Structure formats: structure tokens, C-alpha cells
Amino acid sequence: MMSLPPPPFPLVPSPVFVSSSCREDRKPGFRSRFTHLAELLEFVARVYPERPAIETEEGRIWSYAQLNETVERLAATLEEWGVGRGDRVGVAIPKSPEAVAAIHAVLRVGAAYVPVDPTSPAVRGATILRDAEVAAWLAAPEQAAGLLKEWPKAPRLIHLDAAPGGSALADGSHTSFRPGDRAWNEVMESFHRQLTPPRDRDRHPDDDAYLLYTSGSTGTPKGVRLTHRNAFCFLDWCFSTLNLPPGGRFSSHAPFHFDLSVFDLYASCASVGTLVIVGEALGKDPQRLGAFLKARPVDVWYSAPSILNLLARFGGAVEPGFPAPGLVLFAGEVFPIEPLKTLRLAWSDSEMWNLYGPTETNVCTAYRVPDRLDPTRRDPLPIGPVCPPLRARIIDEAGRDVAVGQLGELVIAGPGVMRGYWNRPDLDATVFLQDAEGTRWYRTGDLAIDPGDGVFVFKGRRDRMVKRRGFRIELGEIEAAIHRHEDVEQAAAIARDDPDTQGVAIEAFVALKPERRRSIIAMKRHLVGQLPHYMIPDTIRFLDRLPQTSTAKVDYAKLKWLAESGESSGSTVSAGCDAVR
Numbered sequence: 001m002m003s004l005p006p007p008p009f010p011l012v013p014s015p016v017f018v019s020s021s022c023r024e025d026r027k028p029g030f031r032s033r034f035t036h037l038a039e040l041l042e043f044v045a046r047v048y049p050e051r052p053a054i055e056t057e058e059g060r061i062w063s064y065a066q067l068n069e070t071v072e073r074l075a076a077t078l079e080e081w082g083v084g085r086g087d088r089v090g091v092a093i094p095k096s097p098e099a100v101a102a103i104h105a106v107l108r109v110g111a112a113y114v115p116v117d118p119t120s121p122a123v124r125g126a127t128i129l130r131d132a133e134v135a136a137w138l139a140a141p142e143q144a145a146g147l148l149k150e151w152p153k154a155p156r157l158i159h160l161d162a163a164p165g166g167s168a169l170a171d172g173s174h175t176s177f178r179p180g181d182r183a184w185n186e187v188m189e190s191f192h193r194q195l196t197p198p199r200d201r202d203r204h205p206d207d208d209a210y211l212l213y214t215s216g217s218t219g220t221p222k223g224v225r226l227t228h229r230n231a232f233c234f235l236d237w238c239f240s241t242l243n244l245p246p247g248g249r250f251s252s253h254a255p256f257h258f259d260l261s262v263f264d265l266y267a268s269c270a271s272v273g274t275l276v277i278v279g280e281a282l283g284k285d286p287q288r289l290g291a292f293l294k295a296r297p298v299d300v301w302y303s304a305p306s307i308l309n310l311l312a313r314f315g316g317a318v319e320p321g322f323p324a325p326g327l328v329l330f331a332g333e334v335f336p337i338e339p340l341k342t343l344r345l346a347w348s349d350s351e352m353w354n355l356y357g358p359t360e361t362n363v364c365t366a367y368r369v370p371d372r373l374d375p376t377r378r379d380p381l382p383i384g385p386v387c388p389p390l391r392a393r394i395i396d397e398a399g400r401d402v403a404v405g406q407l408g409e410l411v412i413a414g415p416g417v418m419r420g421y422w423n424r425p426d427l428d429a430t431v432f433l434q435d436a437e438g439t440r441w442y443r444t445g446d447l448a449i450d451p452g453d454g455v456f457v458f459k460g461r462r463d464r465m466v467k468r469r470g471f472r473i474e475l476g477e478i479e480a481a482i483h484r485h486e487d488v489e490q491a492a493a494i495a496r497d498d499p500d501t502q503g504v505a506i507e508a509f510v511a512l513k514p515e516r517r518r519s520i521i522a523m524k525r526h527l528v529g530q531l532p533h534y535m536i537p538d539t540i541r542f543l544d545r546l547p548q549t550s551t552a553k554v555d556y557a558k559l560k561w562l563a564e565s566g567e568s569s570g571s572t573v574s575a576g577c578d579a580v581r
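For the sequence shown, full-length UniProt numbering puts the final residue at 581, and the numbers step up evenly by one.
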């Protein structure tokens, strides 16, 4: 770390900041002088151009000046194509400095970026880009080739291929781009002139900054519209509450289509820090990841609890001498208490926070993990009090506040709450409620209690959404993908506790049409072409027919019992059952 003059979010009082009067707890806080995310990089690159902005596992380092120049060249091409305020632009690039530059370029022209999981099936990515009605997109060669196959009439593209017309891919196939598309190198080399100072671009804090697509219960992902005001509400809280190190090294473990990446991308930039990119393969290998962090320590770590658990078990993170980050944040799922005790004991000097919040609100409650955890504790930690200036209530099914200590649904209001879902007024109508004072509340779908001190305790879901490795999964989307197989008559998916990972396992039950052959390989191959990796069921069981309730609906309780007990037969299930993991 280094000693810096005050960056956009100072950790000490600065003339360019005022105390945040919106904080209900009246504690000192800071509010950014910026209202648009694009201004962060523009400011930092102007004041601290030589500071390292990005570092990769391969050792590539981009300065803020290099990042800013790349962003301006990409932005110039997008503007040349007519992309600007109110548009949406897709980004389908594996985690890299180029992906970060693409995101900032979209923000710079006033558009909203739509990140697509580069590892997910092309059919899913094309569905997202079509639904978002993107005006342009940026993609790596592999992703571009797959997406163009699914959506040949997609709008203009900036691709990372070295050759403007395409080149050979690793699998031996050949990319083929259209005349109007541009190669990355072509864009970089087409601007030999001295870049002009930042243009006076049309920007507003209530414009969409990004659309993050989450799993949808009907089988189609839904786009969460988040504005610059939403993002700064979260960042203002972060810099008023957390001990963020100026010039520090920030991990980037979360993929850019996951909402945890919002903190990584913009808190690091606002701190004039270095974004240390953890690629997809490295992030899934705890042994390699542990060795990487030991060789190149970070000051700030943010991930789902399951990743920290794997690091502790297989990555050497709890061994003596491991460089524990000074600030550790985790979110996205419940952290089982026993592995958390182990990690807390090993990382005793780290500031550690349990953050909670759906994509629709980003972080909305937070609980600082005590320096010492009670060794006799058996329950997971609370999710904490609400993060100012947000407000929280717990309501019953009729929308009335419940009594202290009573179970109800957690609802959130304030400037961090999303605008709504993209082109889904039907969904907006189901998740928002308005009280007598006209306040708009977002229904999280999460059950919680308030013991009386305002420190909320998470108690599960009221629907069929689950979290795995931090990713939000609608079991209905898995069922819909299975149903798209031509041989399937019935399908159901359930979630159960996984004792091996201390997380969540997903099990699918399938009944085929008469005289169709049961093939685990064929079903797995079908699902790999439909769903991202984190949604693929751990186990698939073939049944003659699915159990039903007295109202002729799928009996999910019976299926869960079958999964947890290991039984393969019952009163409504044929003894003929094939299962595979």
C-alpha cells in the first residue's frame, strides 16, 4: 500500500467531501462528489496516471493511464457507431484488463453495460443480449463466434480477434466476422492522434449503469436495472464504514456478471488501488488460488463464503504464515459457522464482514464478524443491521409489520434499490409494494426476524430460489431447461444440504416419455448446452413418474425426502430408478 493524497473517497476529512447527512445512525461518513461511475476512472487517471490499475495472474500490469487510453479509444468507436446515453452494450469477455476496459468504455459513452457469462452456453448469452436490446457488444473470439451462431443478426461488434476478418480457434474452427465489425487491434491502431480531453458527455445519476441478469423462475433470465445512483449509494456506505486501504490491492474473484464485482471494480478504482484479477480457472482451484495469494497477497478480499471455505480446507489459508487480507468481505450465501470459526481463528487480525443483499439492492445489511467467535456457537451469524441510508422492515403476507421476534419477509427501501426489471412490468408489480407514505419497498423473498436490536437474522426463502457458491439459482429455470429435451415428460429439481462441501447440492428428477431411452450422458450434454456450470444438477435421477400431491402437483417434499434418504422407491415412485452423480 502507499500513502496517497485524498482520492475520490478519502479515509480522512477532505475539502472535496461533506459529511453524509443521510446516515440515520448519525455516524461520520463521506459522500462522493461524483454521481456517475465513468467519472471515477477519468479522475483517477488524470491525478494518478502511473499507479497500477490492474494486475493479472500472468503478471500483466496496466496503469491507470493505459486503462484510460484504451477506454477512450473504445468509447470513440462506440460513439462513432451512435452508441450513447440510454443504450445498452453487451460485454462477453473473460476476466482480463480488456474486459475491465470494455466495461468502462460503455460507461464513458453514457450507456449501460450488460455483462454476459463467458463460460455459459451461447444460447443463454444470446438470449440475454437479445432481451437487453443491445446497441453494440464487445466479445472475445470464442464467445463472439458462439453468440453470432445463435444470433446472426446481432448488432455491431468489437471483437478481441487479432485479425479483422477472423482467425482459427483452439478447437480448429474459424471465426468469421461481418464487414461492419471491428477487431480490437484495429480500434486501438485507428486513433494515432493525441486523445482529446474528456468530452462533455450527457450523463445523469438516474441513468442505468448496468443490467445484471439473474436466474428466472420461468426459465428465462431477467435483467436487473441498476443506476449510477444505486451504485454510489453502496459505495458511499463502503467508504464510510469499511477500512478500505488507499492504494491497496483488491481481489477480483467474482465474475463481472455477478453483483459482487461492483465493489471490486469501483471500490478499487476509487481507492486508487490495484484490481488483482482472479481468472475463472484459478478461482475454482483452491490449491492454485492459495499459492497465488501467498505469492501475491491482497489487502481486500471479497467472495462467496464457499470460496473462503475451500481456501481454508485445500488452499493453505489457515496455515501459519499465510498472508491474510486486512479486510475480508463475504456475501451471497450463508457461511456455515464451523468453517467460519476456523477461518476467524486463523485470520484473527483481519477486519471481517458478513454482507447481505440481493442483486436488486446490492448490499443492504452488514454484520461485522467479532474478533473472537464463541466456540460453542451453533447458529450462523446474523446478516446485521440495515446499511444507511437504506431502510428495512419485516412484514407478513398482508404487508403489515410483524412483532419483534416474529418471522416475516425482509423488505428494503432507499436509493440503493433497483429501478426495476428490464421490460418486465409484470415482475415489478410482484416485487414492489408501496406504503401509505408513498415509499416503494422491494420484497427480497427472504425470511428473517428482528430480535429487537435491529440486527436481522436470516431464516431462509419463501420461494424456490437457492444460492450456490454465491450465484442465485431459480430451480424453475433448471426444470425448464430439462423440459426442453424432446424426450422429457416430467421434470423437477430440488436443493439439499451437501455435507461434503457444507453448501447446497441440486438434484434433478426426470420422467421420460414412453419408450424413450434413459441416458445420463445425453441429459448432461443437453443441460451443458442450456445452463451455466453452476446450475448443472449434481445428481440426475430417472423415475417412471414423479410423485404428486393430492392436487396433482409435483410433490417436492417427497422428492426432497428421496434425495436426502437415498431411497429410490415409494408409493408414487416406481422402484425402477436410475441415478448418477
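Ideal placement from N, C-alpha and C gives every residue a C-beta, glycine not left out.
Only a predicted model underlies this, so the values are computations on that prediction, with no experimental measurement involved.
Counting only runs of 3 or more residues that sit fully inside the stretch 410 to 463, the beta strand (DSSP E) segments are 432 to 434, 440 to 449, 457 to 461, in chain order. Here the stretch 246 to 255 lies against the stretch 269 to 280, with 3 or more beta-carbon pairs under 8 Å apart.
Looking at the DSSP output, H159 bridges to A139, A183.
R229: member of the alpha helix (DSSP H) spanning 228 to 241, first to last residue. Within the model, the alpha-carbon separation for V369 versus I395 is close to 27 Å. Assignment of N354 by DSSP, reduced to helix, strand and coil, places it in the strand class.
Going by DSSP, E479 is part of the alpha helix (DSSP H) stretching over 475 to 483.
If you draw a 10 Å sphere on the C-beta of S261, you find 16 or more other C-beta atoms in it, and that means buried. One Cα belongs to R518, the other to V510, and the distance between them is close to 9 Å. Counted as a single uninterrupted DSSP element, the beta strand (DSSP E) harbouring V466 occupies residues 465 to 468. By a beta-carbon distance limit of 8 Å, L546 contacts A492. Their separation comes to about 6 Å. Comparing C-alpha distances from G438 to each of P286, A413, S32, W151 shows the shortest one belongs to A413.
Comparing C-alpha distances from L147 to each of E98, I93, D453 shows the shortest one belongs to I93. For D264, the uninterrupted alpha helix (DSSP H) segment begins and ends at 261 to 270. For the pair F432 and T214, the Cα-to-Cα distance works out to about 17 Å. Nearest to N362 by alpha-carbon distance, out of G125, R225, A508, G216, is R225.
T549 sits in coil when the DSSP states are folded into three classes, being neither helix nor strand. Taking every protein chain shown into account, the CB of P320 has fewer than 16 other CB atoms within 10 angstroms, so this residue is exposed. The C-alpha of T35 is placed about 13 Å away from the C-alpha of R201. Beta-bridge pairing by DSSP links P499 to no other residue. Contact annotation: K513 and E489 have beta-carbon atoms nearer than 8 Å.
According to the DSSP assignment, G125 belongs to the alpha helix (DSSP H) that extends over 122 to 132. In the three-state reduction of the DSSP assignment, R393 falls in the strand class, which pools E and B. T274 is bridged by DSSP to R249.
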